[in-house]
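Read the structure below first, then the notes.
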Amino acid sequence: MTSAPHWSAEFAEPDVVVSKRVQIFALNTSASLGAAVARHLGQPLALHEERDFEDGEHKVRPLDVVANAEVYVIQSLNSDEAESANDKLCKLLFFIGALKDAGAQRVTAVTPYLCYARKDRRTQPLDPVTTRYVANLFEAVGTDAVVALDVHNPAAFQNAFRCRAISLTAAPLFVDFAKQLEGETLSVVSPDPGGAKRADVYREALEAALGLPVGKGLAEKHRARGVVSGDLFAGDVANTTALVIDDLMSTGTTLLRTARAAKQAGARRVIALVTHALLKRGADSVLGDPAIDGFVFTDAVAMPHDVVAGGRAKIQILPVAPLLAAAIRRIHEGRSLADLLAP
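Following the numbering used here, the numbering of the sequence shown begins with 301 at its first residue and continues without gaps.
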């Protein structure tokens, strides 16, 4: 039996310049996150230009010299009010191509949210395996490595790429959050069978960090042609604060179903721990539903302000910049990423 990973958010290092040979870029829609990462690395963001043409086409180019440099480009690939996931993906791919043409020695795409990662296998006859096609696009423009945070299926993500694929986890941030819940009996719940491994490894890490037993639970979920079903709930969550951990929240339907099942099974409180708060249509009603007592999101994607407004009192945001900066520093220095990787 393997031991639980030693996950802790205490990976932040002094804000010392990584190297003059390293350039950190962030495309416009991820500029705030990129600036925070660059600060942790002790250097400013490199300069670039983005232009959108009247017909919807794009141009992106570096303004700083990148010849012989090791370059990291930060861009979350989620759809938002400003741009679609497709626009963001195209801009990132074109920019990586421009960097390689300009003589960059290595280019690493840092995509805290990787679009199309949920479609990693065929669930219907003749289905596309879109994750693999996106991987082919990154490789075609010369990408040397792709870093993502809590992809839907880490194994599928790693197998889709021939270049280096690094799947980070936000679990260290969630472990440190749970340490604040002193005096509460905790349980960890997966909202579906597909997330059971993620939840179980997180539960073991939490037990190791707290030195206390942590309960577990699992909700049933089936999805077919966009319809979600399943009402079974297994586990011992009675009289606990149930931590429902998931990689993303879109409409929030799955989290709400799980929270109600956990409350029915006797949980005193339910807190949702979610890496990617996509918060699409209908999420505002879930944020306000009393079945979920609190939400803990990371800032890996920028959340819609109008959706968040109604549930702000129940929301806590955890910054991912220290985690991304630590990963970039270790990649550059050739050091181990083991304690930052998804299981």
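Each residue gets a CB set at the ideal place from its N, CA and C atoms; glycine is no exception. If you're wondering where the values come from, they're calculated on a predicted model, not measured in any experiment.
Go to residue i, then tell me how far its beta strand (DSSP E) extends in each direction, as first and last residue.
i, result
"Y372", "E370 to I374"
"A577", "R569 to A577"
"V407", "R406 to T411"
"A448", "A445 to L449"
With DSSP as the reference, identify every bridge partner of residue i, one or two as the case may be.
i, result
"H358", "D352"
"A519", "F533"
"S490", "L518"
"Q323", "V371"
"I617", "F597"
"M647", "Because the chain here runs from 301 to 643, residue 647 falls outside it and cannot be looked at."
"L548", "H576"
Leaving out five residues on either side along the sequence, give the residues of the same chain with a beta carbon under 7 Å from the beta carbon of residue i.
i, result
"A478", "L486, L506 and L543"
"C390", "H358"
"T558", "V489, P491, A519 and V544"
"E383", "T329"
"L347", "L363 and D364"
"V527", "For V527, the predicted structure reports a pLDDT of 48, less than 50, and the residue's modelled location is therefore unreliable. A value from the coordinates is still provided. Answer for V527: no residue qualifies."
"K580", "S550 and T551"
Expressed to the nearest angstrom, what Euclidean distance is found between the alpha-carbon atoms of residue i and residue j?
i, j, result
"C415", "E439", "16 Å"
"A538", "T431", "39 Å"
"A435", "Q458", "10 Å"
"I631", "L587", "37 Å"
"A524", "T423", "Interpretation of A524 is limited by its pLDDT of 49, a score under 50 that renders its predicted location unreliable; no figure is taken from the coordinates."
"K388", "L512", "44 Å"
"R498", "A567", "20 Å"
"G634", "V570", "40 Å"
"R406", "L573", "34 Å"
"E482", "L468", "27 Å"
"A369", "R503", "41 Å"
"P472", "A508", "12 Å"
"T411", "Q375", "5 Å"
"A402", "I396", "10 Å"
Is residue i near the ligand ATP, going by C-beta to nearest heavy atom under 7 Å?
i, result
"F595", "With respect to the ligand ATP, the structure shown offers nothing to examine, as it has no ligands at all."
When DSSP labels each residue in this structure, what does residue i get in the three-state scheme?
i, result
"D584", "helix"
"Q458", "helix"
"L543", "strand"
"I396", "helix"
"Q564", "helix"
"G495", "helix"
"T598", "strand"
"L512", "coil"
"R421", "coil"
"R464", "strand"
"L623", "helix"
"L333", "helix"
"L389", "helix"
"L347", "coil"
"L426", "coil"
"L637", "coil"
"A524", "For A524, the predicted structure reports a pLDDT of 49, less than 50, and the residue's modelled location is therefore unreliable. A value from the coordinates is still provided. Here A524 sits in strand by DSSP."
"I631", "helix"
"D401", "helix"
"N378", "coil"
"E383", "coil"
"N328", "helix"
"A642", "coil"
"H340", "helix"
"A591", "coil"
"Y416", "coil"
Can you list, in chain order, the residues of its chain with a C-beta nearer than 8 Å to that of residue i? Leave out the 5 residues immediately preceding and following it.
i, result
"A470", "L449, D450, T575, T598, A600, L618, V620 and L623"
"E381", "P604"
"A496", "S490 and L518"
"S636", "R630"
Start and end of the alpha helix (DSSP H) containing residue i?
i, result
"A478", "A471 to A478"
In chain order, what residues of the same chain have a beta carbon less than 6 Å from the beta carbon of residue i, not counting five sequence neighbours either side?
i, result
"V429", "none"
"A336", "A621"
"G535", "K516, G517 and L518"
"R464", "A445"
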